[in-house]
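Written out below as structure tokens is the structure these notes cover.
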Amino acid sequence: MKQIPQILVATLLLCSIAMPTLAEDPGSLPSPLREVGFEQRLGESISLDLPFVDSEGKSVLLADYFVADRPVVLALVYYECPVLCSMVLNGLV
């Protein structure tokens, strides 16, 4: 019988800790994402002669990777960052 008040207090304590998390706006963005933006340019093309550096440090052109007449989604991201990059990559699928 003495355990019931202890269980009740523990349950109330856990609920009071969890409530602020549940009350958080699900549409709110993590702080690193609030400053991120993009400029949408639908239908525009970029030159395939643009130089980039590949993962091995070699200078390459976009034309080296893409076949003409095929659409391309180019996502300039890091693959090992804590928040933003994984959210961007997950949003591509």
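Each step along the sequence shown adds one to the number in my numbering, with nothing skipped, and position 72 is 77.
Where is the CB? At the ideal position from N, CA and C, for every residue including glycine.
Values in this document were obtained by computation on a predicted structure and should not be read as measured data.
{"Asked": "Check whether the segment 62 to 76 touches the segment 88 to 98, taking contact to mean three or more Cβ pairs, one atom from each stretch, closer than 8 Å.", "Found": "no"}
{"Asked": "Starting from Val65, trace the beta strand (DSSP E) in both directions and tell me its first and last residue.", "Found": "64 to 66"}
{"Asked": "Go ahead and pull the three-state DSSP assignment for Val58.", "Found": "strand"}
{"Asked": "On the premise that Ala80 lies in contact with Leu94, defined as a C-beta separation below 8 Å, what is that separation, rounded to the nearest angstrom?", "Found": "7 Å"}
{"Asked": "Taking the alpha-carbon positions, what's the Tyr83 to Ser50 distance?", "Found": "23 Å"}
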